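**Student:**
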Amino acid sequence: MLLLSSCSLLLAGDLEQDAAARGGDGGPSPVDAGGRDDAAPADSGDETNDAASKTGHRPRGALVAQVDSGRIAASVEGFFRLEFEAGRSWKPTQLFDLGLPADTKPLLASTLFEPFSATIEGQLVATSTDEDYGYYELVDATPARVTFTTWAHHYLPSGADAKIWSHWCIYASGRVVARTEVSNTGTADLSLPANWQHSSSSVDAARKWNVVEAADARSATFYLEAPSGLGVTTLLQDTPATLRSSSAVERHWIDAARTLAPGGNLTRVNELHFGVTADEALARVGDAQRPGLDVLSNMSAVDLGYDIGKAAYRLRVLPTGPATMRFSLDAQTPRAYPAFEIDDLDAPNGWLVELDGQTVASSSAPVTALGAARYSLADRKLIFVYFDTIAAGAPAAKRSFRLERL
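Throughout the sequence shown, residue numbering follows the numbering used here, covering 12 to 417 in sequence.
1) For the candidate residues Q134, I181, S230, G361, whose alpha-carbon lies nearest to that of A171?
2) Sort T288, E192, D266, Q208 by Cα distance to T244 and report the nearest one.
3) Could you pull the start and end residues of the beta strand (DSSP E) that V188 belongs to?
4) For K174, count neighbouring C-beta atoms within 10 Å of its own C-beta (all shown protein chains included) and say buried if the count is 16 or more, exposed if not.
5) Does L257 pass the burial test, meaning 16 or more other C-beta atoms within 10 Å, or should it be called exposed?
6) Would Q369 be called buried (16 or more neighbouring beta carbons within 10 Å of its own) or exposed?
7) What does the alpha-carbon distance come out to for the pair L111 and E132?
8) Less than 8 Å between C-beta atoms, sequence neighbours within five positions excluded: which residues of the same chain meet that for V280?
9) By the DSSP assignment, the alpha helix (DSSP H) with A292 in it spans what residues?
10) Can you give me the Cβ contacts of P330 inside the same chain, cut-off strictly under 8 Å, excluding the 5 residues immediately before and after it?
11) May I ask you to report which of helix, strand or coil DSSP gives R99?
12) Can you list, in chain order, the residues of its chain with a C-beta nearer than 7 Å to that of A342? Leave out the 5 residues immediately preceding and following it.
13) Take the Cβ of S40 as the centre, count every other Cβ of all protein chains shown within 10 Å, and call the residue buried at 16 or more, exposed below.
14) Would you say P154 and R391 are within 9 Å of each other, going by their C-beta atoms?
15) Here's the rule: buried if 16 or more other CB atoms are within 10 angstroms of the residue's CB, otherwise exposed. What is T379?
16) With DSSP as the reference, label V260 as helix, strand or coil.
17) Near D367, what residues of its chain come up, given a Cβ to Cβ distance below 7 Å and the 5 sequence neighbours on each side ignored?
18) Among A183, E261, T270, which one has its Cα closest to the Cα of A199?
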């Protein structure tokens with residue numbers, strides 16, 4: 012059995028409510044809502060997607076990326092909308108729980124995340140003082156996942172240059188990863204002071220929240236008292252962790268002093284989980300921090316089998332293997348909405364992913380009530396996310412995925 016180490020977003024509503032709440036027209040145009048390279052964008056006319064998007068407390072459906080000159084947005088119809096604004100150095104700002112009625116203010120946060128903040132050489136290095144920050148690179152935009160990278164410079168008097176990279180992964184399941192890289196691209200040492208801050212998360216101060224911090228200081232959950240009682244969890248993948256707050260609605264981590272020589276860098280990985288309920292929060296955090304693969308058949312693990320920077324299990328199809336592959340997750344903890352990235356899959360005639368006899372996704376139905384997927388024939392890569400939780404101690408049949416080339 013492979014034991015590994017470990018991102019999340021769970022919200023709810025519809026884009027019309029979002030547009031009304033923002034006073035706009037629903038935002039920029041979609042980049043991609045399709046299920047494969049040649050697929051037409053999914054829309055509300057897709058009966059499978061519509062049914063999935065209205066399933067209970069957590070609607071399920073295709074993730075849609077929308078990009079214009081001032082905003083990047085990721086949304087699932089009837090589920091959530093997360094916005095990144097150019098004016099804030101492409102950091103996430105507005106977070107909408109679209110399951111809340113418009114008259115209850117579906118906006119949960121207006122300055123959601125600050126990846127890095129420190130006073131260096133007498134200057135504040137943070138989003139508010141970014142330089143050369145109008146850059147982003149969209150890596151992929153699929154019904155299962157949107158990933159992109161942003162960066163900004165902070166030129167310092169000594170000649171050091173604090174370049175802050177933010178790598179984002181957002182899943183249709185609601186799982187979100189923020190991987191922050193601090194690099195010194197200047198000509199002098201970059202001295203990070205004691206107690207420099209990273210992975211700061213904030214929610215709407217106008218609402219009532221109860222905050223529960225984990226005993227190991229690696230996570231905290233903001234529970235919305237009314238109207239839903241749902242939670243917003245922030246968790247850190249790195250250890251050790253020193254959790255601090257600047258207000259009742261903000262949590263961040265502080266780190267030790269260190270010096271980055273020219274060309275040096277360091278990385279911190281944070282996850283955001285939205286829509287978490289009180290009875291599942293600890294299990295969700297445990298799953299994210301301790302992922303685990305079990306049995307693989309006709310497949311191999313890529314690296315250690317899990318990428319914490321993408322919150323995805325990484326697998327590779329064996330080059331001479333049969334048409335059917337199997338892979339399972341361990342049963343030590345509940346496995347919530349797992350995501351998979353599978354390389355070297357030759358499936359020009361189609362593919363199918365099943366769990367316990369039920370179709371999670373396929374080439375003919377890339378978005379179902381149980382999952383969303385994207386296959387690229389050119390890259391021979393399949394990305395998919397499962398829209399449910401596998402219970403702890405589940406028998407092998409209920410935690411073993413079957414992948415078939417058609």
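We put the CB at the ideal spot given by N, CA and C, even for glycine. Keep in mind that this is a model prediction, so the values were computed, not measured.
**Tutor:** On the basis of the coordinates in this document:
1) In the sequence shown, counting from the first residue as 1, residue 171 sits at position 160. Per the C-alpha coordinates, the member of Q134, I181, S230, G361 positioned closest to A171 is Q134.
2) Along the sequence shown, read from residue 1 onward, the residue named residue 244 stands at position 233. Nearest option by C-alpha distance: T288.
3) Counting from one through the sequence shown, the residue named residue 188 turns up at place 177. Taken as a continuous stretch (DSSP letters only), the beta strand (DSSP E) holding V188 covers 187 to 195.
4) Here the question's residue 174 lines up with position 163 in the sequence shown. The residue is buried, with at least 16 neighbouring Cβ atoms inside 10 Å.
5) In the sequence shown, the residue the question calls residue 257 occupies position 246. It should be noted that the sequence gives Ser, not Leu, for residue 257. Looking at its Cβ environment, which holds fewer than 16 other Cβ atoms inside 10 Å, S257 is exposed.
6) Here residue 369 refers to the residue found at position 358 of the sequence shown. The residue in question, Q369, is exposed, as its Cβ has fewer than 16 Cβ neighbours within 10 Å.
7) One-based indexing of the sequence shown puts residue 111 at position 100. One-based indexing of the sequence shown puts residue 132 at position 121. The straight-line gap from Cα to Cα measures roughly 45 Å.
8) Locating residue 280 in the sequence shown gives position 269, counting from the first residue. Sequence-distant partners of V280 (beyond 5 residues in either direction) whose C-beta falls short of 8 Å from its own C-beta, in its chain, are C18, V188, A189, R190, T191, L247, Q248, D249, I319, G320.
9) If you number the sequence shown from 1, residue 292 lands on position 281. Taken as a continuous stretch (DSSP letters only), the alpha helix (DSSP H) holding A292 covers 292 to 300.
10) Taking the sequence shown and counting its residues from 1, the one referred to as residue 330 is at position 319. Same-chain partners within the cutoff: D355.
11) Counting from 1 along the sequence shown, the entry for residue 99 is found at position 88. The answer is helix: DSSP assigns R99 an H, G or I state.
12) Along the sequence shown, read from residue 1 onward, the residue named residue 342 stands at position 331. Contacts found: A403, G404, A405, R410.
13) If you number the sequence shown from 1, residue 40 lands on position 29. Low confidence applies here, because S40 scores a pLDDT of 42, under 50, leaving its location unreliable; read the following figure in that light. S40 comes out exposed.
14) The residue you call residue 154 lines up with position 143 of the sequence shown. The residue you call residue 391 lines up with position 380 of the sequence shown. No, the Cβ-Cβ distance between P154 and R391 is not below 9 Å.
15) Translated into positions along the sequence shown, residue 379 becomes position 368. Label assigned to T379: buried.
16) Numbered from its first residue, the sequence shown carries residue 260 at position 249. Note: V260 maps to coil in three-state DSSP.
17) As a working mapping, residue 367 is identified with position 356 in the sequence shown. For D367, where only same-chain residues beyond five positions count, the Cβ hits under 7 Å are A408, K409.
18) Within the sequence shown, residue 199 is the residue found at index 188, counting from 1. Checking every option, the nearest Cα to that of A199 belongs to T270.
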